[in-house]
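Heads up: the structure comes next, in structure tokens.
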Amino acid sequence: MSTDPHIWLEQIDDEKALDWVRARNDLTVAHFTQNDRFRGFQERIRTILDSDDRIPMFEACGDTLYNFWQDKDHPKGLWRRTTLEEYCKTRPEWEVVLDLDALAKSEDENWVWADASICRPECTKALVRLSRGGGDAIVVREFDLLTKDFVSDGFFVPEAKTHVTWAGPNRVLIGTDFGEGTLTDSGYPMTMREWDRGSLLEDAHEYYRGQSSDVYVYSWADPFTDFRDYFVGRATDFFNDEFFVYRNNELIKIDKPDSAIANPHRGQLFLLLKHDWDRQGEQFKAGSLLVGQLEDVLAGTGDYQVLFAPTEHSVLISHNGTENSVILNISENVCTKTFVATKGDNGDWVLEQVQKSNGFLNESGFAYETQESDRTLMLSESFLEPSSLSMSGPDEPLRVLKRTRSFFDNESLKTTQHWAKSKDGTKIPYYEISRRIATGIRPTLLYGYGGFSVSLLPAYTPVSGNTWLKQGGTYVIANIRGGGEFGPDWHHQALKENRNRAYEDFIAVAEDLIRRGITKPKHLGIQGGSNGGLLMGNMYVQRPDLFGAVVCQVPLLDMKRYHLLLAGASWMAEYGDPEKPEEWEYLKNFSAYQRVRADQKYPTILITTSTRDDRVHPGHARKMVAKLEEMGHKVHYYENIEGGHAGAADNKQRAFMQALVWEFLWATLAPS
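This is the structure in structure tokens:
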């Protein structure tokens, strides 16, 4: 029996709990939104989010391009298509395939787009995923791309956390909630089944079953074998899995380290190593990308070639295959460049950079189509340079397809990179975006995440450019440990009992900003969400003297119960298991909910979450607010009734939520 007096707030849709939420929402709205600055921010942000000058990212089916688009006239969005030739025009004509606003109205449902999976190579059918309110749970419905309507007797999956992929035009592979014993403790699919057209979902043939302690199982059919072979993965925790080929009703296990990420592609097997690997006396370094022939690996006779090996400051961020090549996105000191690897006549792989570039850029290359083309798409952006989308191919020089317009004046701004020294002596990089000519102390916002190997790379963010940089604020991104900026070891150094290293890194960056005369504690704000919300909670309780304002979004805060709430059990490989006494001993040191004290003075904090977040439970945020109020501390709270883990379901909600954050920061850090 829990002794937590606020545990009743974990009842997400309990009317008493929702009344509590609404009362605090009303207070926050009244405090921050009734002024011209907030209204100006909200209008400006909405204009940016709805702008036609954004790059419409697409999924290609031959020369037909599919895009999902939201704007002021279509807040829920349009799924639409055009041709590649038309797309390259300044103002292309789009054909509407599915109007989500019209669908939601006709069905009286609060549908939020959650993606669609097109059946290849025919490209005449799709599995459309729809979420109620923006949560991770989805409804899946088959859609006819020729008639532009749902298939009346097609594949349909009721609301659940579902994994589903095509295995030919008349079969799907599915993991979903089939009833008792079919979901893991984390709430994700535990079984994979073949479901043929015309048959009942409950009669689908089960070909793989994991264990309840797993995070999830997943599977997809191999288009290279005309969908005869299935790939199957069993995620035993967030960072480890077993990987199989299901062939002729038999499971064949791939020989690999559990932490290595397997990516089969067109008869080859790519392995991204997360730890050093001694394979039959041959040494491979963590962070390396290996490639071997799949059939040879299955037979136990295959050797691997090293396609990429990391250095101290050079790491592979991502990779994906085209018809005959591999696209590699490689980061050097947190600046990413795109390379294409092709196999020479002698069997060796040759890497060629897509374009020569300088500065603090983030280039992200990906395949135009993974099976049928060698075209490479590349998205390029920086903190101050608008995003551009380019395309190249074996016989096509690189050309820009689309470019975002500049949403704020960057001539008066600069980006610099600095390094702070953490408590244990490790050098921590951080980006600073500020005025070229800046004197004296200025309001500064420091953003961080530091978990799950997520890298914070340069990105063009017109909202912060307009609401923060343009107004004279300084924006800082901290590349702390726990992220993936310098490969697997950068992440591993902040796992479990070493979690506090991420927090020490963040503190080191904050102290370096103060040492350099950029800001002072009362003018220094911090922001983070999800795992970054846990970071914010710990900064709030560990170093309240160092910060003037805290923005804590969709956070984890109660590490005593996190594993019992929604998807929390899936993160125990990152944080630890609070039910093991030896692990609770270190977990309690970064469980912000347990560490908050009545006799401590804290900075002003804004905590936000979403009622419909079915990944990080809103109870974390609710209970923290209730406890702070009980202790007499000043806290502002806003819970969006929709939005899922992203916090908002459409651009109107996003504009409101973001304007609220910026108004809070300016009102708190620079009240005059």
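Using this note's numbering, read the sequence shown as starting at 2 and increasing by one per residue.
Just so you know, even glycine gets a beta-carbon here, dropped at the ideal spot from N, CA and C.
Note that the structure is predicted; figures quoted are calculated from it, not measured.
- Taking the C-beta atoms as reference points, Ala421 is found nearer than 7 Å to Asp513.
- When rounded, the separation of the alpha-carbon atoms in Trp167 and Asp259 is 26 Å.
- The way I'd put it, the stretch 397-409 doesn't touch the stretch 426-436; fewer than three beta-carbon pairs between them come closer than 8 Å.
- Where Pro398 is concerned, the enclosing beta strand (DSSP E) starts and stops at Glu397 to Arg404.
- Within the stretch 289-349, complete alpha helix (DSSP H) segments of at least 4 residues are found at 295-300, given in chain order.
- Gly474 and Ala660 have their C-alpha atoms roughly 15 Å apart.
- Within the model, the alpha-carbon separation for Thr468 versus Phe42 is close to 6 Å.
- For Asp490, the enclosing alpha helix (DSSP H) begins and ends at Pro489 to His493.
- With a cutoff of 7 Å on beta-carbon distance, Lys338 and Glu313 are scored as not near each other.
- Around the C-beta of Leu629, 16 or more other C-beta atoms lie within 10 Å, and the residue is accordingly described as buried.
- Following the DSSP letters along the chain, one finds Phe507 inside the alpha helix (DSSP H) bounded by residues Asn501 to Arg516.
- For Gly41, the enclosing alpha helix (DSSP H) begins and ends at Asp37 to Asp51.
- Between the stretch 522-533 and the stretch 545-561, the count of Cβ pairs shorter than 8 Å is three or higher; the stretches touch.
- Judged by their CB atoms, Gln372 and Pro224 are nearer to each other than the 7 Å cut-off.
- When the Cα atoms are used, Phe271 and Thr417 turn out to be separated by approximately 36 Å.
- Boundaries of the alpha helix (DSSP H) around Glu108: Leu101 to Glu108.
- In the same chain as Asp346, and ignoring 5 residues on each side of it, no C-beta atom comes closer than 8 Å to its own.
- Comparing alpha-carbon positions, the option among Leu496, Gly441 and Gly452 lying closest to Arg517 turns out to be Gly441.
- Judged by DSSP secondary structure, Ala31 falls within the alpha helix (DSSP H) whose first and last residues are Glu16 to Phe33.
- Taking a 10 Å sphere around the C-beta of Asn36, we find fewer than 16 other C-beta atoms and assign the residue as exposed.
- Every unbroken stretch of the beta strand (DSSP E) spanning 3 or more residues and falling wholly within the stretch 120-177 is given here in chain order: 126-133, 139-145, 157-161, 164-167 and 172-176.
- Taking every protein chain shown into account, the CB of Gly483 has 16 or more other CB atoms within 10 angstroms, so this residue is buried.
- Between Val477 and Tyr431, the CB-CB gap stays under 7 Å.
- Three or more pairs of CB atoms, one per stretch, sit closer than 8 Å, so the stretch 631-645 contacts the stretch 591-610.
- The three-state secondary structure of Pro93, taken from DSSP, is coil.
- One alpha carbon belongs to Ala656, the other to Ala671, and they sit about 22 Å apart.
- Between the stretch 85-94 and the stretch 113-122 there are fewer than three inter-stretch CB-CB distances shorter than 8 Å, so the stretches are not counted as touching.
- Taking C-alpha positions only, Arg198 is separated from Tyr369 by approximately 30 Å.
- For Met191, there is no enclosing beta strand (DSSP E), as DSSP gives it neither H nor E.
- Within the same chain, and ignoring the five residues on either side of Val662 in sequence, the residues whose Cβ sits closer than 6 Å to its Cβ are Val552.
- In the three-state reduction of the DSSP assignment, Phe408 falls in the coil class, being assigned neither a helical nor a strand state.
- Going by DSSP, Phe665 is part of the alpha helix (DSSP H) stretching over Asn652 to Leu670.
- Taking the CA atoms as reference points, His524 sits about 28 Å from Asp559.
- Cβ atoms of Arg235 and Gly211 come within 8 Å of each other, at about 5 Å.
- Contact between the stretch 583-590 and the stretch 603-620 is not established, with fewer than three Cβ pairs separated by less than 8 Å.
- In this structure, Tyr231 lies away from Tyr219, with their beta-carbon atoms at least 7 Å apart.
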